[in-house]
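Sequential numbering from 261 applies to the sequence shown in our numbering.
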Amino acid sequence: MKIGVISANIESESRVALTPDAVKKLRKLGFEVVIQLGAGQAAYYADELYRAAGADIANSSSEVIKQSRIITTVDDLPAEATDHLSSGQIVIGMLDPYRNTQLDTYAAKGATAFAMELLPRTLSRAQNMDVLSSQANLAGYKAVLLAANEYSRPFPMFMTSAGTVKPAKVVILGVGVAGLQAIATAKRLGAVVEASDLRPAAKEQVESLGGKWLDVPMSEDEAQKAKATGGYAWTPSEQYIKDQAAVVDKALSNADIVITTAQIPGRNAPRLVHAATLAKMKAGSVLIDMAAGTGGNVEGSVPNDTITTENGVRIVGAANIPSMLAAQSSDLYANNLVNFITTLIAPAGDEAAANDLSLNLDMEDEIQGALAVTHDGQVRLAKR
Numbered sequence: 261m262k263i264g265v266i267s268a269n270i271e272s273e274s275r276v277a278l279t280p281d282a283v284k285k286l287r288k289l290g291f292e293v294v295i296q297l298g299a300g301q302a303a304y305y306a307d308e309l310y311r312a313a314g315a316d317i318a319n320s321s322s323e324v325i326k327q328s329r330i331i332t333t334v335d336d337l338p339a340e341a342t343d344h345l346s347s348g349q350i351v352i353g354m355l356d357p358y359r360n361t362q363l364d365t366y367a368a369k370g371a372t373a374f375a376m377e378l379l380p381r382t383l384s385r386a387q388n389m390d391v392l393s394s395q396a397n398l399a400g401y402k403a404v405l406l407a408a409n410e411y412s413r414p415f416p417m418f419m420t421s422a423g424t425v426k427p428a429k430v431v432i433l434g435v436g437v438a439g440l441q442a443i444a445t446a447k448r449l450g451a452v453v454e455a456s457d458l459r460p461a462a463k464e465q466v467e468s469l470g471g472k473w474l475d476v477p478m479s480e481d482e483a484q485k486a487k488a489t490g491g492y493a494w495t496p497s498e499q500y501i502k503d504q505a506a507v508v509d510k511a512l513s514n515a516d517i518v519i520t521t522a523q524i525p526g527r528n529a530p531r532l533v534h535a536a537t538l539a540k541m542k543a544g545s546v547l548i549d550m551a552a553g554t555g556g557n558v559e560g561s562v563p564n565d566t567i568t569t570e571n572g573v574r575i576v577g578a579a580n581i582p583s584m585l586a587a588q589s590s591d592l593y594a595n596n597l598v599n600f601i602t603t604l605i606a607p608a609g610d611e612a613a614a615n616d617l618s619l620n621l622d623m624e625d626e627i628q629g630a631l632a633v634t635h636d637g638q639v640r641l642a643k644r
């Protein structure tokens, strides 16, 4: 059975779905692998490395698809590539399912499409397949380095003969995996860090990394609701939203660096920083909007562009930070995919598996069922 690797659009994406090390792992499992010519080049994985790992090289995406039972990709397949899909094939990638306009095509072709973003992150056996965490971890780190490059002063405090250089003040809005890594990285660089999140439980994580929690007054009833839902499904009151905005506004007015990380699957990113707050920030301060590609946390941010406001605030629309660390992010992503693909193999001891590698697609499985957005000619994704 053959697994294919489709090349991403190199103008917007430098990662590759499978690395040479991942190819070796899959071959040990019994798979063959074919990769599109040059697919790993932008991530510094040359075709020769894939050949050495035992992969075949195909000249085009159509050749890869025609040869493969399983097709791996970083993001959605190019529209022209879907023409070559056939019934029974499997597509695995970060398919952006709630914005994907090709799900009907996948279903009509009889392909089973797995969107890795939909992984149930609460399942312990799914942790090594968690593409959102593996990519966000790197993104949080790189976001701080991008900010340091844009900022015209150093992060740490310096004691010099000419005077004392004060440490940079960094505010992180959204304390998920990316936010926590951003806090840790900014602290390592010597900055003073503050952070805010809708989940009160994040306070302990922030403080454990040396950050200061931006506390927002909360009623006892709200605290219980937030705790019961983990914060994600909690709908805050109008008063809480107003109080949070005031706390964030004050913090940002004094900040040198702001990094926003908040994104909601299937929806536009929440607006966290408004024009009125931007107008109060200091000239030379920098905002890194990690949600620029999904609507933006910062008013006025532009995906893949840096703009400067009238009062001298720089807004960096960082739409795809993991692609900036293509070699490492590809390595982690490929490991995630290999771990998921192993769940598709028929259990050891199965008669079919004993004679030949075979697949065991099971939509009742808590992982496969959650990730499958098309199967058996149907779109399975619930609308949001």
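Just so it is clear, CB atoms sit at the ideal spot from N, CA and C, and this is done for glycine as well.
Given 8 Å, three or more beta-carbon pairs between the stretch 546-562 and the stretch 373-389: Too few Cβ pairs lie closer than 8 Å, so no.
Expected contact under 8 Å - CB spacing of Val453 and Ala396 to nearest Å: Not confirmed; about 18 Å, so no contact.
Burial state of Thr232 (16 or more Cβ within 10 Å): As displayed, the chain neither begins before 261 nor continues past 644, which places residue 232 out of reach and without an answer.
Ser456, enclosing alpha helix (DSSP H) - first and last residue: Element bounds for Ser456: not the alpha helix (DSSP H) but the beta strand (DSSP E), Val452 to Ser456.
Identity of the residues DSSP links to Met417 by a beta bridge: When DSSP reads this structure, Met417 sits in no beta bridge, so it has no partner.
Extent of the continuous beta strand (DSSP E) to which Thr634 belongs: For Thr634, the enclosing beta strand (DSSP E) starts and ends at Ala632 to His635.
DSSP-derived helix/strand/coil call for Val573: Residue state, collapsed to three classes: coil.
Lys540 - containing beta strand (DSSP E), residue span: For Lys540, there is no enclosing beta strand (DSSP E), as DSSP marks it with neither H nor E.
Three-way DSSP call (helix, strand, coil) for Gly264 in this model: Three-state result, Gly264: strand.
Check whether Ala375 and Leu631 have beta carbons under 8 Å apart: Contact flag set, yes.
Three-state class that DSSP yields for Phe645 in the structure shown: Because residue 645 is not part of the residues shown, which for the chain are 261 to 644, the question remains open.
Extent of the continuous alpha helix (DSSP H) to which Gly400 belongs: Here the alpha helix (DSSP H) through Gly400 covers Val391 to Glu410.
Pro416, buried or exposed, once every other Cβ within 10 Å from all chains shown has been counted against 16: Classification of Pro416: exposed, given that the 10 Å Cβ count is below 16.
Buried/exposed call for Lys402, threshold 16 Cβ in 10 Å: Around the beta carbon of Lys402, 16 or more other beta carbons sit within 10 angstroms, so the residue counts as buried.
Per DSSP, cross-strand counterpart(s) of Gly436: Answer by DSSP bridge pairing: none, since Gly436 is not bridged.
Minimum C-alpha distance to Ala282 - residue among Arg359, Val533, Ala587 and Gly560: Of the candidates Arg359, Val533, Ala587 and Gly560, Ala587 places its Cα closest to the Cα of Ala282.
Residues that Lys369 bridges to, as DSSP identifies them: According to DSSP, Lys369 shares a beta bridge with no other residue.
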